[in-house]
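Down below is the structure, laid out as structure tokens.
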Amino acid sequence: MIRALMSLLLLVAAEVDCVGQTWTPLYEAYARRFLDAQIRVIDRDADDRTTSEAQAYAMFFALVANDRVRFDGLLTWTEQNLAAGDLTARLPGWLWGRDRENQWRILDTNPAADADVWMAYVLLEAGRAWNEPRYTAIGSALADRIAVEEVVRVADVGAVLLPAPTGFRQDDAYRLNPSYMPLQLFVRLAQLLPDGLWQAVADNIPAIVRASAPHGFATDWVGVAPGVGMTASDAGSYDAIRVYLWAGMVDPATPGRDALGDTLAGMRTWLRAHAAPPEKVRPDGTVVSPRGPIGFSAALLPYLAAFDNPKSEAAQLARLRSAFDSKTGLYGSPARYYDQNLALFGLGWKERRFWFDAHGALKTWWKSE
């Protein structure tokens, strides 16, 4: 009996050792590798730059981890360095790094709308979870500013989120990024801030995603022009992989969720016959680069679970686990910044560390009521 029990314990230990990291140790390993003493997220694959997206995602992960110390540090650094000290007065610039004179500063003050939306959403949810009115006030002000500077009404389409206040409109033509529009976030903003255009934006997201995926694969960009409507442009790759991630995490009872699954069926079909998701797919469905990075497998876990592809889900989970590096506690060698972000989202949802309800409200393992 004792021998059998010991064998079972050794088997379990061996399985744990080979399956990879669980969410909380992964979060800590991520923080050790990519956060500095200022609580700035460093992309070590891109000249040690910091983006507003990185700060927003890390704030989300800190909230999921119930890590208020890091959350406050991320918020403080972002406000002081990307928003000139006041996130209620201006949107954060998207890029911080070293200039030609070797000085650290904002390199591009144009905001990134996806980072802005995630940051506003996370601050509002943090205010509720931690009962902190200051977070709620900043999140509300940030959302109001997004609505003024980054949400526009487009003829024949309706209210949409622009990727940034400037650079994505020429006369009456626009470029949209479907990965900037997680449906659940906009549904939640509409609930919390009912006087804005958030519900109108949410209502249009399934149509934008559908336009981005004429052959079942999401593309990075959608063009909108008078008399033409919405058309996919460019290929689907490092932006578009998030479209599947966000869609998979939408609660089944959220209006528009099933339409997302139907729209993105091409990826499910591909994975029935291939071991890895493609890195790059043209709008016509032609796969240009067939083997995406390990983070793509992590990003697809919620999508495959939500839309009933258990064999493909198991295959992508196995692929992810095979890339676990026990020395770093991260995935891949070297461990890429973007891969870890996708893994934290995909595994966090899979392990029920967080989820979204039918109204887009964030639920976490430590604060689910």
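Under the working numbering, think of the first position of the sequence shown as 55, with each following residue one higher. Every residue gets a Cβ at the ideal spot worked out from N, C-alpha and C, and that includes glycine.
In the structure shown, the three-state DSSP call for Thr-317 is helix. Counting only runs that start and end inside the stretch 217 to 269, the alpha helix (DSSP H) elements of at least 4 residues fall at 237 to 246 and 252 to 266. Pairing Asp-288 with Ser-233, the inter-Cα distance amounts to about 14 Å. Secondary structure at Leu-145: coil, using DSSP grouped into helix, strand and coil. Ranking Asp-249, Val-202, Glu-203 and Ala-256 by CA distance to the CA of Val-211 puts Ala-256 first. Contact check between the stretch 191 to 202 and the stretch 224 to 241: fewer than three CB pairs, one atom from each, fall below 8 Å, which does not count as touching. In this structure, Val-206 sits near Arg-223, with a CB-CB distance shorter than 9 Å. Positions of the alpha helix (DSSP H) runs, each at least 4 residues long and wholly inside the stretch 170 to 224, are given as 187 to 203 in order along the chain. Counting only the Cα atoms, Ala-119 lies some 13 Å from Trp-403.
For the stretch 271 to 350, the continuous beta strand (DSSP E) assignments of 3+ residues that do not extend past its boundaries occur at 275 to 279, 283 to 287 and 341 to 343, in sequence order.
In this structure Asp-170 touches Ile-200 by the C-beta definition: roughly 5 Å separates them, less than 8 Å. Among the bridge pairs identified by DSSP, Thr-105 is matched with Leu-149. Straight through space, the alpha carbons of Gly-302 and Leu-354 are spaced by roughly 8 Å. Cβ-Cβ separation between Phe-114 and Val-176: approximately 5 Å, consistent with a contact (criterion under 8 Å). According to DSSP, residue pairing for Lys-421 in a beta bridge involves Thr-418. Assigned with DSSP and collapsed to three states, Phe-410 falls in strand. In the three-state DSSP reduction, Asp-168 falls in the helix class (H, G or I).
Non-local beta-carbon contacts of Gly-270 in its own chain, meaning distances under 6 Å to residues more than five positions away in sequence, involve Ala-319 and Gly-320 in chain order. Contact between Trp-131 and Gln-92 holds: CB atoms are separated by about 5 Å, below the 8 Å threshold. By alpha-carbon distance to Tyr-298, the top candidate from Ala-307, Ala-286 and Arg-311 is Arg-311. Judged by DSSP secondary structure, Leu-161 falls outside any alpha helix (DSSP H) and instead within the beta strand (DSSP E) spanning 158 to 162. The beta carbons of Val-335 and Ala-294 sit closer together than 9 Å. Between Ile-348 and the set Leu-325, Gly-386, Asn-363 and Asp-97, the nearest pair of CA atoms involves Gly-386.
Here Glu-405 is exposed, its C-beta having fewer than 16 other C-beta atoms within 10 Å. Going by C-alpha positions, Arg-326 is about 27 Å away from Leu-384. Runs of the beta strand (DSSP E) lying entirely within the stretch 363 to 406, each at least 3 residues long, are absent. In this structure, Trp-172 sits away from Asn-231, with a CB-CB distance that is not shorter than 9 Å. Nearest to Arg-159 by C-alpha distance, out of Ala-244, Asn-135, Asp-126 and Leu-374, is Asn-135.
Across the set Leu-129, Pro-306 and Asp-316, the C-alpha of Asp-316 shows the shortest separation from the C-alpha of Arg-264. In this structure, Ala-85 places its C-beta atom within 9 Å of the C-beta atom of Arg-124. Measuring C-alpha to C-alpha distances from Leu-246 to each of Glu-204, Val-202 and Asp-198 identifies Asp-198 as the nearest.
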